[in-house]
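Enquirer: Residue numbering for the sequence shown follows my numbering, beginning at 52 and increasing consecutively.
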Amino acid sequence: VMGAALLVTVGTGVDYVVRAIRLRGVAKRVRGE
């Protein structure tokens, strides 16, 4: 059970980081144009 919870936590953390990077890239494009 703890292993599954750990996987979910790590997965959520990775998803959060990926979203933050994508949002940063989109913001740069909008500002650049």
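Even glycine gets a Cβ: it sits at the ideal position worked out from N, Cα and C.
In this text, all values refer to a predicted model and were calculated from it rather than measured experimentally.
Please classify Val77: does DSSP put it in a helix, a strand, or coil?
Expert: Residue state, collapsed to three classes: helix.
Enquirer: Just verifying my parser: in three-state terms, what is the DSSP assignment at Val59?
Expert: If DSSP states are grouped into helix, strand and coil, Val59 belongs with the helices.
Enquirer: Do you know offhand how far Ala78's Cα is from Val69's?
Expert: For Ala78 and Val69, the distance between alpha carbons rounds to 14 Å.
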